[in-house]
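**Student:** Protein sequences appear in the order of chains Y and D.
Everything in the first sequence is counted per the working numbering, starting at 259 for the first residue and increasing by one.
Everything in the second sequence is counted per the working numbering, starting at 259 for the first residue and increasing by one.
Even glycine gets a Cβ: it sits at the ideal position worked out from N, Cα and C.
2 protein chains.
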Amino acid sequence: MSVDDAEALPERTRRRRAPKPHAAGVKAVAAAAGVSLGTVSNVLNRPEVVSPLTRAKVEAAMASLGFVRNESARQLRAGSSRILAYLMLDAGNPFFTDVAKGVEEAAQAAGLSVFLCTSSEDADREAAYLDLLEQQRVQGILITPIDQNSSRLRKLPSRGTPVVVVDRTLDDAEHCSVAVNDVLGGELAIAHLLELGHERIAYVGGPNTIGQVIDRRDGARRALRTAGKPASDLIELTTGALTVAEGRGAGQRLAGLPADRRPTAAFCANDLLALGLLQQCVSLGLRVPEDLAIVGYDDIEFAEAAAVPLTSVRQPRQLLGRTAAELLLDESSNPDHEHQRVTFTPELVVRTSTRGTL
Amino acid sequence: MSVDDAEALPERTRRRRAPKPHAAGVKAVAAAAGVSLGTVSNVLNRPEVVSPLTRAKVEAAMASLGFVRNESARQLRAGSSRILAYLMLDAGNPFFTDVAKGVEEAAQAAGLSVFLCTSSEDADREAAYLDLLEQQRVQGILITPIDQNSSRLRKLPSRGTPVVVVDRTLDDAEHCSVAVNDVLGGELAIAHLLELGHERIAYVGGPNTIGQVIDRRDGARRALRTAGKPASDLIELTTGALTVAEGRGAGQRLAGLPADRRPTAAFCANDLLALGLLQQCVSLGLRVPEDLAIVGYDDIEFAEAAAVPLTSVRQPRQLLGRTAAELLLDESSNPDHEHQRVTFTPELVVRTSTRGTL
DNA sequence: CGGATGGAGTGAAAGGTTTCAAGAACGTGC
DNA sequence: GCACGTTCTTGAAACCTTTCACTCCATCCG
């Protein structure tokens, strides 16, 4: 049954070693089922061309041998992967996991799977993941980049890996992008605070290399100018990351200021910062919003459940992910795909942290 | 230079097509650098055996051709993957992303990359991902399973893919597992509530197919029995998932009860439920903890920042992930690895939601 | 009854890398 | 000048699938 034609050769040390004892391949299945390699492959990929009887035999053989298709070999030969990757900034931020949910929704509808990767706001990790994903020849990459000008990012599409930028807009002709107008979002937040009569307003966010941080700040400045004030009125508190812990740190700094110099309102670059800030300020005895009004950004689910429900700038998170994935799928399947820049409009959700209890 | 020996054959239609125009391979690099295939491979895998001059030539050729190593081919031949996967229950739950952070920490230290997958508490998706990951021949799988008795899960190790179960204990001899004693956690929570004098206590959690939900409930019952009460005293509110939205739903149900039948305390299977419950109850006018004391589980970062800071059962999230990844690495590299069951001990963190303001 | 049609299955080639035994180049010591 | 080491490089096999031109057979039509 098992023919080993190497027997015929003159004596030679049997070289090479099996890299892994990883079970049976198509060959073994074919032998066990008494059919050819090609037929097994047909059962796997085009079951309709195989007669029911033969198919049953092959499937039985697969089951009894515990056959597991080797995806590397499949992909090598077939040249296509069934995987999308979403490389996100921070898995600990519910905003991104909501985006990821949208991505998965769209991918599942197209029969693809999604691998999530997280750069943790670290440019080196981002670069390493991009290299890895390109080497894996994934169908496409969705990314919320740290450094959107990275040459690595720009080169990917020309080498055959489609890339869609999520939650950022890119000004080049190589990628699709799906974003929310962050400048407008910043403007909405500050306009709201100005309307409430605040004069000393702080912007809490950082590092200043992150696009979202910059845009939201620029929007804030613009709102000030629109109101006839100098943009330099904005008191900037730079943080090291967009996390709850950094938010607490900023709260500490803010609360430490003498009351007559302390801002009466703070706009945070995201909700994590805002929640940390809120928590720290409250625990240090400041009243929100009486002593300090707070506006967050993203309107994550926890914003509403916070100690003082948080006013925030809402973004269509899931839709963002879904749209991005759909663009990516189009790019990789539609030969005359055209790159698009989709921009959604954010929306201010006013809650107690600025408006006070009614 | 480029010899095409197919020329020698009698006229035949040149068949097959190139699956994808995906850039240059080692062959092209070798030709461009004037060396053999083997040398290029050496530059890639064992740079120290190649003379500096040759290496420089090869590297220059790679750069100018934009060479990207084909990981499928590499893995097919070399038989090993540099990837770990963590298949989690719910990426939207900060508990799991914290675990993931620990996993990545350990993986990075070992020079591996991590792909995150999420089953979203759906058994079919879990199964599909397991199949996919096995076919990809990843180095190993970390999983927080929905169905820990799935035969798929049990069979993986015997076919060569190591599996470590995270946040669950498995009673078989095939896997390592790293967990926290959930029964004890449930006990701590209820003992605390009993000590505060509560008599009508609800347990909010579900679906009852999830191990964590069951164990925490069993712990709760045990605490009741220890206190000399029947386990049936526990008022069970079953939810459809462990999410904030389901927590709100449960809050609605609870608040709807007449005050004399309404529980005076609720223990939730996780913090997401607790936060939703809290939010809904507060917005319906119940005072926490006076009208309803609430205990959560996991002590996620947002628990402390909630409307009423949440009493919760803390687990060593990151450590859980790190330990699990280390066990997995050991299993896949150490020939005489022994399966282990690591169990951490949870800790009750008391905050305002049960103790009230001081 | 001859030829056309079509369904089912076959088998060799191809895909890009790694591996390893063996070869080449170049001293070195006697 | 020769055998011997070293150091570097080579070339072909192997990894496991998928693909596709082709064969084989039975059926159908005129």
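Using the C-alpha atoms, what's the distance from residue 324/Y back to residue 281/Y?
**Tutor:** Their Cα atoms are separated by approximately 7 Å.
**Student:** Establish whether the CB of residue 560/D and some CB of chain Y are separated by less than 8 Å.
**Tutor:** Output row for residue 560/D: interface = yes.
**Student:** Check the DSSP bridge columns for residue 339/Y and list the partner residues they point to.
**Tutor:** None; residue 339/Y has no bridge partner.
**Student:** Measure the alpha-carbon distance for residue 394/D versus residue 432/D and round it to whole angstroms.
**Tutor:** The alpha-carbon atoms of residue 394/D and residue 432/D are separated by roughly 21 Å.
**Student:** So which of 530/Y, 562/Y and 524/Y has the shortest CA-CA distance to residue 544/Y?
**Tutor:** Closest option to residue 544/Y, Cα to Cα, is 524/Y.
**Student:** For the beta strand (DSSP E) holding residue 527/Y, just list the boundary residues, first then last.
**Tutor:** Neither: residue 527/Y is in no beta strand (DSSP E) and is coded neither H nor E.
**Student:** Following the continuous beta strand (DSSP E) through residue 606/Y, name the residue where it begins and the one where it ends.
**Tutor:** Note, residue 606/Y: beta strand (DSSP E), 605-607.
**Student:** To be precise: take each residue of the segment 311-343 of chain Y, compare its Cβ to all Cβ atoms of chain D, and keep it if any distance is under 9 Å. Which residues remain?
**Tutor:** So the list reads 324, 326, 327, 328, 329, 330, 331, 332, 333, 334, 335, 336, 337, 338, 339, 340, 341 and 343, given in the order they occur along the chain.
**Student:** Does DSSP put residue 354/Y in a helix, in a strand, or in coil?
**Tutor:** In the structure shown, residue 354/Y sits in a helix (DSSP, three-state: H, G or I).
**Student:** Run down chain D in chain order and give the residues with a C-beta less than 7 Å from the C-beta of residue 470/Y.
**Tutor:** Simply none; closest approach about 19 Å.
**Student:** Which residues in chain D have a C-beta closer than 8 Å to the C-beta of residue 371/Y? List them in chain order.
**Tutor:** Result: 375, 386, 387 and 390.
**Student:** With a floor of 4 residues, list each alpha helix (DSSP H) that falls wholly inside the segment 473-517 of chain D, ordered by position along the chain.
**Tutor:** List check, alpha helix (DSSP H) in window: 502-514.
**Student:** Within 8 Å of any Cβ in chain D, is that where the Cβ of residue 350/Y sits?
**Tutor:** Cβ-Cβ to chain D under 8 Å: yes for residue 350/Y.
**Student:** Excluding sequence positions up to five away, which residues of its chain have a Cβ less than 6 Å from the Cβ of residue 335/D?
**Tutor:** None.
**Student:** Between which two residues does the beta strand (DSSP E) carrying residue 460/Y extend?
**Tutor:** Looking at the DSSP string, the run of the beta strand (DSSP E) that includes residue 460/Y is 459-463.
**Student:** Looking only at its chain, what residues have a beta carbon closer than 7 Å to the beta carbon of residue 363/D, apart from the 5 residues adjacent to it on each side?
**Tutor:** Closer than 7 Å at the Cβ level, and outside the excluded window around residue 363/D, lie 580.
**Student:** Using CA atoms only, rank isn't needed, just tell me which of 375/D, 563/D and 300/D is closest to residue 502/Y.
**Tutor:** Of the listed residues, the one whose Cα sits closest to residue 502/Y is 563/D.
**Student:** From which residue to which residue does the alpha helix (DSSP H) around residue 383/D run?
**Tutor:** Note, residue 383/D: alpha helix (DSSP H), 381-394.
**Student:** Tell me, please, whether the CB atom of residue 526/D is closer than 8 Å to any CB atom in chain Y?
**Tutor:** No, residue 526/D lies away from the interface with chain Y (no Cβ there is under 8 Å from its Cβ).
**Student:** In terms of alpha-carbon separation, which member of 375/Y, 370/Y and 365/Y lies closest to residue 359/D?
**Tutor:** Out of 375/Y, 370/Y and 365/Y, 375/Y has the C-alpha closest to the C-alpha of residue 359/D.
**Student:** Kindly indicate the opening and closing residues of the beta strand (DSSP E) around residue 373/D.
**Tutor:** Per DSSP, residue 373/D belongs to the beta strand (DSSP E) from 371-376.
**Student:** Identify the residues that DSSP records as bridge partners of residue 601/Y: which are they?
**Tutor:** Beta-bridge pairing links residue 601/Y to 437/Y.
**Student:** If we ignore side chains and look at the alpha-carbon of each, how far apart do residue 516/Y and residue 522/Y end up?
**Tutor:** So the two alpha carbons sit approximately 12 Å from each other.
**Student:** Based on DSSP bridge pairs, tell me the residues matched to residue 552/D.
**Tutor:** In DSSP, residue 552/D forms a bridge with 524/D.
**Student:** Could you check which residue in 458/Y, 578/Y and 526/Y has the C-alpha nearest to that of residue 356/Y?
**Tutor:** Looking at the Cα atoms, 578/Y is the closest of the given residues.
**Student:** Write down the C-beta distance between residue 546/D and residue 569/D rounded to the nearest angstrom, noting that I regard them as a contact closer than 8 Å.
**Tutor:** Between residue 569/D and residue 546/D the Cβ distance is about 10 Å, and since that is not below 8 Å, they are no contact.
**Student:** Compare the C-alpha of residue 607/D against each of 296/D, 529/D and 410/D and name the closest.
**Tutor:** Checking every option, the nearest Cα to that of residue 607/D belongs to 529/D.
**Student:** Between residue 387/Y and residue 371/D, is the Cβ-Cβ spacing less than 8 Å?
**Tutor:** The answer is yes: Cβ separation under 8 Å.
**Student:** From residue 404/Y to residue 411/D, what does the alpha carbon distance come to, in whole angstroms?
**Tutor:** If I take the Cα positions, the gap works out to 37 Å.
**Student:** Taking only beta-carbon atoms, is residue 418/Y less than 8 Å away from chain D?
**Tutor:** Chain D, which has a Cβ nearer than 8 Å to the Cβ of residue 418/Y, makes this yes.
**Student:** How many whole angstroms separate the CB atoms of residue 572/Y and residue 604/Y, which I take to be in contact at a CB cut-off of 8 Å?
**Tutor:** Right, the Cβ-Cβ distance comes to about 6 Å (below 8 Å), so this counts as a contact.
**Student:** Can you name the residues that DSSP bridges to residue 570/D?
**Tutor:** Residue 570/D is bridged to 554/D and 607/D.
**Student:** Between residue 472/D and residue 612/D, what straight-line distance do the alpha-carbon atoms span, to the nearest angstrom?
**Tutor:** Straight-line Cα distance between these residues: approximately 23 Å.
**Student:** Going by beta-carbon coordinates alone, are residue 586/D and residue 420/D separated by less than 8 Å?
**Tutor:** Contact flag set, yes.
**Student:** On the three-state DSSP scale, how would you describe residue 455/Y?
**Tutor:** It is coil, neither helix nor strand.
**Student:** Which term fits residue 409/Y, buried or exposed, when burial requires 16 or more other beta carbons within 10 angstroms of its beta carbon?
**Tutor:** By the neighbour-count rule (16 or more Cβ atoms within 10 Å), residue 409/Y is not buried but exposed.
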